[in-house]
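These notes concern the structure reproduced below.
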Amino acid sequence: MIRDHRLAKDEYDRNFSDIHPPFETRDAALVDANRCLFCYDAPCTKSCPTGIDVPKFIKQISTDDIKGSARTIFLSNIMGGGCSRVCPVEKLCEGACVYNLMEEEPIPIARLQRYSTDAAIQRRWPLFTRKPSDGLKVAIIGAGPAGLSAAHVLSREGVDVTIFEKEEKGGGLMTYGVAAYKVTPEYCAEELDYILSLGGITIRYGAELGKDLQLEQLREEYDAVFLAFGVGLARRLDIPGEDLDGVVDALRFIYAIRADGFPSVPVGDKVAVIGMGMTAIDAATQARRLGAEEVTLLYRRTEAEMPCTKKELEIARLDGCRIHWLAAPGEVIGSGGKVTQLRCEKMELGPPDASGRRAPRPTGESFTLDVDMIIKATGQMPFEQLVSSGGLSHRGGKIDTTGLCGITSLPGVFAGGDCVNGGKEVVDAVQAGKLSAAAILSYLQTV
Amino acid sequence: MATLHTDYLGITSPNPFWLASAPPTDKKINVLRAFEAGWGGVVWKTLGSQVKNVSSRYSAVDYHGSRVMGLNNIELISDRPLDINLREIKECIRLFPDRAMIVSLMADNDRNSWQELIRKVEDTGAHGLELNFGCPHGMTERGMGAAVGQDPQIARLVTEWVMEAATIPVITKLTPNVHSVVPTGRAAVEAGSQGLSLINTIQSVTGVDLDTFIPNPNVGGKSTFGGYCGPAVKPIALKMLATIAQDTVTSKVPISGIGGISTWKDAAEFMLLGSTTVQICTAVMKHGFRIIDGLCEGLSNWMDEKGFRQTTDFIGLSVPTLTHWEDLDLNYHIVARIDPDKCIHCGLCYIACEDASHQSISLTPGHPYNTYVIKEEECVGCNLCKLVCPVDSCITMVEERVGPEYLNWKEFQQRGLPLNDH
Chain A
193 MIRDHRLAKD EYDRNFSDIH PPFETRDAAL VDANRCLFCY DAPCTKSCPT
243 GIDVPKFIKQ ISTDDIKGSA RTIFLSNIMG GGCSRVCPVE KLCEGACVYN
293 LMEEEPIPIA RLQRYSTDAA IQRRWPLFTR KPSDGLKVAI IGAGPAGLSA
343 AHVLSREGVD VTIFEKEEKG GGLMTYGVAA YKVTPEYCAE ELDYILSLGG
393 ITIRYGAELG KDLQLEQLRE EYDAVFLAFG VGLARRLDIP GEDLDGVVDA
443 LRFIYAIRAD GFPSVPVGDK VAVIGMGMTA IDAATQARRL GAEEVTLLYR
493 RTEAEMPCTK KELEIARLDG CRIHWLAAPG EVIGSGGKVT QLRCEKMELG
543 PPDASGRRAP RPTGESFTLD VDMIIKATGQ MPFEQLVSSG GLSHRGGKID
593 TTGLCGITSL PGVFAGGDCV NGGKEVVDAV QAGKLSAAAI LSYLQTV
Chain B
6 MATLHTDYLG ITSPNPFWLA SAPPTDKKIN VLRAFEAGWG GVVWKTLGSQ
56 VKNVSSRYSA VDYHGSRVMG LNNIELISDR PLDINLREIK ECIRLFPDRA
106 MIVSLMADND RNSWQELIRK VEDTGAHGLE LNFGCPHGMT ERGMGAAVGQ
156 DPQIARLVTE WVMEAATIPV ITKLTPNVHS VVPTGRAAVE AGSQGLSLIN
206 TIQSVTGVDL DTFIPNPNVG GKSTFGGYCG PAVKPIALKM LATIAQDTVT
256 SKVPISGIGG ISTWKDAAEF MLLGSTTVQI CTAVMKHGFR IIDGLCEGLS
306 NWMDEKGFRQ TTDFIGLSVP TLTHWEDLDL NYHIVARIDP DKCIHCGLCY
356 IACEDASHQS ISLTPGHPYN TYVIKEEECV GCNLCKLVCP VDSCITMVEE
406 RVGPEYLNWK EFQQRGLPLN DH
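Each protein sequence line maps, in turn, to chains A and B. Heads up, this note's numbering is the position in the first sequence plus 192, with the first residue counted as 1. Heads up, this note's numbering is the position in the second sequence plus 5, with the first residue counted as 1.
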């Protein structure tokens with residue numbers, strides 16, 4: 193049965209406490225900071241999509257220049273605090289740490305990054321100053337990582353930025369789409385405040401492109417427009433029974449956990465989660481932590497192809513989630529309009545597909561799970577209609593851009609983040625915002 | 006199994022590890038604990054002139070997360086009444102007759118004071134005396150300590166007074182706060198001192214507090230130069246030790262080595278450069294007397310491995326290999342080689358060579374790992390890359406002689422071979 197208030201308050205608190213606790217003391221941070229070898233042309237930096245100068249910021253920690261350290265991080269990644277909590281670092285900086293090649297534990301780069309950025313945000317260090325306004329105005333659609341990153345760069349250079357955000361809070365998927373034990377809604381609010389404390393950035397909430405405002409009108413009123421509205425629609429499974437009560441979208445589920453508070457989020461007794469990306473893991477683990485008795489993750493390929501990291505999988509396993517590899521949803525079976533079972537196709541791997549991964553194909557065999565809730569986490573669809581109605585060149589709703597700097601087919605319109613790449617990490621969106629801001633600045637000089 | 010039994014001027018001890026004259030040896034309670042732990046001997050903290058100490062007394066240099074790389078002190082000689090010290094020394098000797106008991110001395114600067122002090126100390130049954138000609142602070146202003154050690158004539162005079170009275174072996178402790186320790190060492194030996202010990206602490210300022218702007222250690226808003234010791238001073242001590250071990254006069258007497266010895270490896274190095282015994286203080290001030298087990302076991306295991314049966318088999322063994330620069334072989338040439346299987350691609354060798362040496366390492370960009378290879382024709386064999394490499398034996402230096410025969414600087418010049426040719 194799907195119901196809320198399954199646990200006592202202290203159980204919720206325990207289940208949703210910080211999974212990567214910060215360093216408690218300076219000494220603790222120094223033990224790890226001092227292990228850093230200060231590599232040249234460091235693999236960690238090269239593996240960070242925003243190119244944070246990791247050896248430099250760690251050296252600044254070990255020499256008691258925490259302000260300098262925070263500035264080094266924010267200069268490359270203004271959401272370096274949030275990224276220190278949500279980045280899949282074992283695939284990025286920490287995965288590239290040369291200690292891995294010595295079969296030693298890598299430097300806990302994310303934790304050190306959190307050490308410096310937490311200090312900066314808690315103490316509201318004014319690490320950046322804005323150049324005087326030059327009267328140029330840029331509109332940004334979406335107050336997520338890409339939008340905020342671009343806004344910060346632009347405002348530093350004296351551009352007046354207005355962000356239009358359809359939700360009631362800023363931060364995008366950082367605020368609405370990540371497990372609460374990784375980053376708390378309170379932190380997201382503090383991080384946003386810190387970014388905005390630079391000045392020169394106004395956010396207009398509840399303003400949705402295509403509904404409350406139109407691209408054409410923005411192009412007239414502003415000197416440039418940056419589109420950073422992400423992706424939104426959950427990919428449909430396209431199987432019978434998908435619309436029964438109890439089939440929910442993972443992002444909506446995670447959104448509710450973040451927006452409504454843990455006790456009021458309903459969860460089933462037996463939950464199936466479809467997909468094996470970070471969102472699938474976040475949904476599965478949080479379903480368990482909300483009190484679901486049984487959570488089963490279904491993935492149509494194998495562990496070798498899964499998009500989530502090994503560490504994420506480990507979290508799901510430690511939370512007691514079951515995993516069915518080579519299993520695809522075939523049919524949702526219900527009774528009285530409610531989900532009761534999920535029939536799954538057993539798959540096998542064929543030759544590689546376009547992504548280079550071996551493609552799954554049905555074996556013809558199937559099995560059935562008794563479930564009362566199904567969470568779909570098979571990715572999100574771009575806002576194709578919005579994009580094509582705006583007259584932008586696109587591929588399946590993903591906006592076409594030139595190179596990495598976000599130049600679209602419309603003059604003065606730039607785009608970056610998930611709405612261009614179809615859905616990647618927060619850190620990729622921050623970088624896209626940064627590069628697009630640079631392109632916008634050069635564009636503004638020409639008009 | 007090798008024996009660590011040591012004989013220094015007839016003073017025997019079960020091992021060559023003595024505690025240096027310092028706070029760990031200033032009273033019975035410490036010294037008995039040290040002997041119970043297994044220390045071979047102690048040099049009792051300096052007795053002599055009457056003093057008064059300040060607070061605070063120590064400051065340290067930490068390096069890259071490691072505490073007390075170097076320690077600085079402004080403490081003076083023993084500030085306890087002489088008769089208590091003498092009584093306690095006697096008791097320690099009675100309770101541990103197999104251990105070496107040396108007493109460090111620094112009397113007021115006149116013959117009577119020295120000779121009277123020596124007679125009182127000899128009455129305790131102590132096995133030897135160590136003359137403190139080295140304390141760099143507090144006592145120098147009164148013409149004692151380093152003020153004696155820095156002037157060979159005064160050192161000779163004081164040693165002569167001492168030798169008139171002393172009936173047990175006398176060791177003179179040398180100050181490093183001189184351009185060379187040899188002149189004072191010679192003066193002491195020529196005046197009759199039967200042994201030498203070195204080094205005493207090095208005058209220093211360990212740092213300045215960046216909030217108060219007052220140097221360390223802070224004594225009520227002021228500081229003063231202190232004596233530096235600990236691992237940081239070891240290379241300086243080894244150099245000074247080697248000069249004493251090489252000099253024709255000073256090399257005739259046994260040496261007790263001091264200066265940053267923390268491990269059995271440090272001790273072995275001091276002994277290879279001529280120390281018969283070694284004295285330790287800072288390592289004990291940091292970790293306590295319990296380190297003696299590791300010191301003895303490590304040294305003994307190494308001796309077994311090298312086939313040394315007793316310490317005299319290797320004391321001074323390395324002294325002849327320290328030579329003058331102009332006697333080094335110019336045809337000896339080595340080049341670095343990077344083992345690609347061990348390389349972790351940290352780039353430390355590359356940037357060190359590129360920015361600070363001879364641009365002899367090539368970088369092939371990779372994502373995320375670059376590949377680094379030595380350009381052998383450019384490599385001068387300086388060792389820098391090997392020193393900064395964090396992986397043991399990843400970079401090795403391979404011998405590639407320039408010519409087959411030994412060729413030193415004098416010969417090189419005589420033959421008129423090309424200079425400045427790199």
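Ideal Cβ positions, reconstructed from N, Cα and C, are used throughout, including at glycine.
Going by DSSP, what residue range makes up the beta strand (DSSP E) through residue 79/B? Unbroken run through residue 79/B: none, as it is neither H nor E.
So the alpha helix (DSSP H) residue 260/A belongs to, where does it begin and stop? Annotation for residue 260/A: the continuous alpha helix (DSSP H) segment containing it runs 258-268.
Anything in the region 356-377 of chain B with a Cβ closer than 7 Å to a Cβ of chain A? List those residues in chain order, please. So the list reads 356, 372, 373, 374, 375, given in the order they occur along the chain.
Should residue 396/B be flagged as near chain A, meaning a C-beta pair shorter than 8 Å? So, interface residue.
Which residue marks the beginning of the alpha helix (DSSP H) containing residue 157/B, and which one marks its end? That run of the alpha helix (DSSP H) goes 157-170.
Can you tell me whether DSSP reads residue 601/A as helix, strand or coil? Coil at residue 601/A, not helix or strand.
Enumerated in chain order, which unbroken segments of the beta strand (DSSP E) with a length of 3 residues or greater are wholly contained in the region 196-221 of chain B? Runs found: 200-203, 207-209.
Which of helix, strand or coil DSSP assigns to residue 536/A: Residue state, collapsed to three classes: strand.
Does the region 235-243 of chain A come close enough to the region 277-289 of chain A that 3 or more CB-CB pairs lie under 8 Å? Here the region 277-289 of chain A lies against the region 235-243 of chain A, with 3 or more beta-carbon pairs under 8 Å apart.
Minimum Cβ-Cβ distance from residue 389/B to chain A less than 8 Å: False, the Cβ-Cβ gap to chain A never drops below 8 Å.
Identity of the residue in 293/A, 252/A, 259/A nearest residue 348/B by Cα: Ranked by Cα distance from residue 348/B, the options 293/A, 252/A, 259/A are led by 293/A.
Give me the chain A residues within the contact set of residue 349/B, using Cβ-Cβ distance strictly less than 7 Å, ordered along the chain. In chain order: 290, 293, 294.
Is residue 184/B close to chain A, meaning its C-beta is less than 8 Å from at least one C-beta of that chain? Output row for residue 184/B: interface = no.
What first and last residue would you give for the alpha helix (DSSP H) that runs through residue 388/B? Neither: residue 388/B is in no alpha helix (DSSP H) and is coded neither H nor E.
I'd like to check one pair, residue 566/A with residue 145/A: are the Cβ atoms closer than 8 Å? Past the boundaries of the shown model lies residue 145/A; chain A is included only from 193 to 639, so the question cannot be answered.
Just verifying my parser: in three-state terms, what is the DSSP assignment at residue 552/A? Looking at residue 552/A - three-state DSSP - the assignment turns out to be strand.
Just by C-beta distance, which residues in the region 223-239 of chain A are closer than 9 Å to chain B? If you check each beta-carbon in the region 223-239 of chain A against every beta-carbon of chain B, the ones closer than 9 Å belong to 223, 225, 226, 227, 229, 230, 231, 232, 233, 234, 235, 236, 237, 238, 239.
Note down, in chain order, all residues in the region 44-74 of chain B with a beta-carbon under 7 Å from any beta-carbon belonging to chain A. Shown in chain order are the members of the region 44-74 of chain B whose Cβ falls below 7 Å from a Cβ of chain A: 69, 70.
Using DSSP with H/G/I as helix, E/B as strand and the rest coil, what is residue 220/A? Residue state, collapsed to three classes: helix.
Residue range of the beta strand (DSSP E) that residue 262/B falls in? First-last of the beta strand (DSSP E) with residue 262/B: 260-263.
Euclidean distance between Cα positions of residue 365/A and residue 337/A: Whole-angstrom Cα-Cα distance: 8 Å.
Just to make sure I have the definition right: I need the residues of chain A whose C-beta is within less than 8 Å of the C-beta of residue 352/B. Which are they? Here the neighbours are 231, 232, 233, 234.
Just to confirm the assignment, what range does the beta strand (DSSP E) spanning residue 514/A have? Run containing residue 514/A: 514-516, per the beta strand (DSSP E) assignment.
Could you tell me whether the region 12-24 of chain B touches the region 45-53 of chain B, where touching means 3 or more Cβ pairs closer than 8 Å? Yes, the region 12-24 of chain B touches the region 45-53 of chain B.
As assigned by DSSP and simplified to three states, the class of residue 633/A: Of the three classes helix, strand and coil, the one that applies to residue 633/A here is helix, per DSSP.
If I measure Cβ to Cβ from residue 241/B and keep anything under 6 Å in the same chain, skipping five residues before and after, which residues do I get? None.
Among 402/A, 349/A, 340/A, the one whose alpha carbon lies nearest that of residue 381/A: Ranking 402/A, 349/A, 340/A by CA distance to the CA of residue 381/A puts 340/A first.
Inter-residue CB distance, residue 459/A and residue 483/A (contact presumed, cutoff 8 Å): Contact between residue 459/A and residue 483/A holds, since their C-beta atoms are separated by about 6 Å, short of 8 Å.
What's the gap between the Cα of residue 70/B and the Cα of residue 142/B? If you take the alpha carbons of residue 70/B and residue 142/B, they lie about 29 Å apart.
Residue 535/A to residue 502/A, Cα distance in whole Å? The alpha-carbon of residue 535/A is positioned some 27 Å away from that of residue 502/A.
Which ranges would you report for the beta strand (DSSP E) in the region 296-368 of chain A if only whole runs of at least 3 residues count? You should have 329-333, 352-357.
Using 10 angstroms around the beta-carbon of residue 639/A, count the other beta-carbons present and answer buried if the total reaches 16, otherwise exposed. Flag for residue 639/A reads exposed.
If you scan the region 56-133 of chain B from start to end, which runs of the alpha helix (DSSP H) of 4 or more residues do you find wholly inside it? Within the region 56-133 of chain B, the complete alpha helix (DSSP H) runs of at least 4 residues are 87-100, 116-127.
Once DSSP output is grouped into helix, strand and coil, what is the label at residue 493/A? Three-state result, residue 493/A: coil.
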